[in-house]
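Novice: Residue numbers (the working numbering): 27 to 416.
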Amino acid sequence: MKAGIDLISFYSSNYFLDLKTLAEARGVDFNKFYIGIGQEKMALPPPDEDIVTMAASAAQPIIEKVGRENIELVVLATESCIDQSKAASLFVHGLLGLPKRCRAIELKEACYGATAGLQLAAAWVEKNPEAKALILASDIARYDLGSPGEPTQGCGAVAMLVSTKPRIMTLDPECGYHAEDVMDFWRPTYRGEALVDGKYSTRVYLSTIIEAWNQYRERSGRTLSDLARCCFHLPFTKIAEKAYERLAKACGLPSPTDADFELRLRESLRYNRITGNSYTASLYEGLNSLLDHSTADLSSQRIGLFSYGSGCMAEFFSGVVQPGYRQHLFTEKHLALLNNRTELTFQQYEDIFNYGVPEDGGNHSMAPYRTGPYRLAGIKDHKRLYEKSR
Ligand code: HMG
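Okay, here's the thing in structure tokens:
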């Protein structure tokens, strides 16, 4: 019996800013963004969407497909929390009408949180083979306006149903991990925007991948050529090429060519390139992009996955795509969402960015924007009020 991802669904906002618009406003050559960091667009949540509504919207197609039965664990991983005490998973639990006989918690370790959730859930369903777990990764990446991190903002959520009869991917038991106390990226509780030592964070990402890989390799006996494709945590898509190059070097392989990048990586980068960083959802957004776009049938193929969370936690692990997986994807929904988004002007971007959630404890209702199936209706007495938008 092998646990793994039974279903996977992705959601992002209906609004985006083209990085050409940002480049023009900031007086930068847009190729720095399009080519230099490999990002074209960034998704921005309107004021009536947050990590709760995005997570619920990502999970809704899964619930519609398989129902709520036997979901006994809900983990919401995020670093964009909306409450210092109450778990965001409980709001989602309510919105989705999940069974009361359930554990619902929130997890945090920067962009690594969802991987911790996935691994915990896989071990848990192996002990409880009839039960299912819902792992939600939901984040909004925000940096100061005009800072080097600004073009790497974005948002998104991924929902994964974890079971012992996974239709999408089984998880291999071998993994390699690495923990280290570093200050490469952080967000003190009094700030809405992350602080980051950008170049240092990239160096730490690229050195910890080797630590995690070496342990994965020792434990599994596999090398890079045993992995049909690789998915990486994607703060910006260009980092995947750098990471893959490092892995090839660590395995004593020649430097990857453009054709290698095309084959091993490109399909996993397509969503992130047009949504931006979705922090803890980003690795799984990349996996979803690979599954949705792969022209080759990936059945029985092994996929390598690298999860990185600043601070820092790194993990390399792998999984095997299940025969027939294509029938269980939500590809059309994902493409419809991303192809029908509304483009923002620079002024609209700054207005949305600067919109502050009311903090006075009054009775505020939120103007309706284009959202997914759930929205933040208002805030009253410091309580967030959610509703179904359609
Ligand atoms: P920067 O200083 O704006 O950019 O920072 P740069 O000067 O380093 O340029 C970027 C690349 O564009 C360079 O290529 C340039 O040569 C190229 P590279 O040398 O790296 O290969 N370039 C051009 N290419 C084509 N045409 C041009 C042109 N101009 C320049 N005209 C940085 C970039 C990523 C550091 C910044 O955006 C940043 O601070 N981002 C936020 C932090 C981040 O994403 N860190 C990544 C690792 S940490 C992580 O992944 C965790 C995270 O997701 C958070 C979490 O765990 O919670 C962030």
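Ideal Cβ placement from N, Cα and C applies to all residues, glycine included.
What does DSSP give as the partner residue(s) for Ser-320 in the beta ladder?
Specialist: Ser-320 pairs with nothing; no bridge assigned.
Novice: Under 6 Å from any heavy atom of the ligand HMG, does the C-beta of Asn-57 make it?
Specialist: Yes - the ligand HMG has a heavy atom lying nearer than 6 Å to the Cβ of Asn-57.
Novice: Can you give the beta carbon distance from Lys-158 to Ser-189, rounded, assuming they're within the 8 Å contact cut?
Specialist: That belief holds up - the Cβ atoms of Lys-158 and Ser-189 are roughly 5 Å apart, short of 8 Å.
Novice: For Asn-380, which of helix, strand or coil comes out of DSSP?
Specialist: Helix at Asn-380.
Novice: Spatial neighbours of Leu-316 within its chain, please: CB distance less than 8 Å, with the 5 preceding and 5 following residues excluded, ordered by chain position.
Specialist: Closer than 8 Å at the Cβ level, and outside the excluded window around Leu-316, lie Arg-255, Cys-257, Glu-293, Ser-294, Leu-324 and Ile-329.
Novice: Examine the ligand HMG and report whether any of its heavy atoms sits within less than 6 Å of the Cβ of Tyr-203.
Specialist: No, the ligand HMG has no heavy atom inside 6 Å of this Cβ.
Novice: Where DSSP assigns a beta bridge to Phe-342, which residues make up the other side?
Specialist: The partner list for Phe-342 (beta bridge, DSSP) reads Gly-202 and Phe-332.
Novice: Nearest CA to the CA of Glu-75: which residue from Asn-40, Lys-46 and Val-92?
Specialist: Among Asn-40, Lys-46 and Val-92, the Cα nearest to that of Glu-75 is on Asn-40.
Novice: What residue range is occupied by the uninterrupted beta strand (DSSP E) comprising Ser-164?
Specialist: Run containing Ser-164: 158-167, per the beta strand (DSSP E) assignment.
Novice: Where Asn-389 and Ala-185 are concerned, what is the direct C-alpha to C-alpha distance, given to the nearest angstrom?
Specialist: Cα-Cα distance, rounded: 31 Å.
Novice: Leaving aside the five residues before and after Tyr-305 along the sequence, list all residues of the same chain whose C-beta is less than 6 Å from its C-beta, in chain order.
Specialist: Only Glu-105, Cys-137, Asp-165 and Ala-167 meet the Cβ criterion.
Novice: Locate the beta strand (DSSP E) running through Val-184, then write down its first and last residues.
Specialist: Unbroken beta strand (DSSP E) run through Val-184: 180-189.
Novice: Hey, Met-80 and Tyr-37: beta-carbon distance below 7 Å or not?
Specialist: In contact: Met-80 and Tyr-37 (Cβ atoms closer than 7 Å).
Novice: Any heavy atom of the ligand HMG inside 6 Å of the beta-carbon of Lys-134?
Specialist: For the ligand HMG, not one heavy atom lies less than 6 Å from the Cβ of Lys-134.
Novice: Taking 6 Å as the cut-off, is the CB of Pro-282 close to at least one heavy atom of the ligand HMG?
Specialist: Because no heavy atom of the ligand HMG lies under 6 Å away, the Cβ of Pro-282 does not count as near it: no.
Novice: On the DSSP letters alone, give me the boundaries of the alpha helix (DSSP H) that Asp-223 sits inside.
Specialist: Element bounds for Asp-223: n/a, residue is neither H nor E.
Novice: Are Gly-398 and Ser-111 closer than 7 Å when you measure CB to CB?
Specialist: No.
Novice: Under DSSP, the alpha helix (DSSP H) around Ala-274 begins and ends at which residues?
Specialist: Element bounds for Ala-274: 264-276.
Novice: What separation, rounded to the nearest whole angstrom, lies between the Cα atoms of Ala-163 and Gln-374?
Specialist: Cα to Cα, Ala-163 sits roughly 27 Å from Gln-374.
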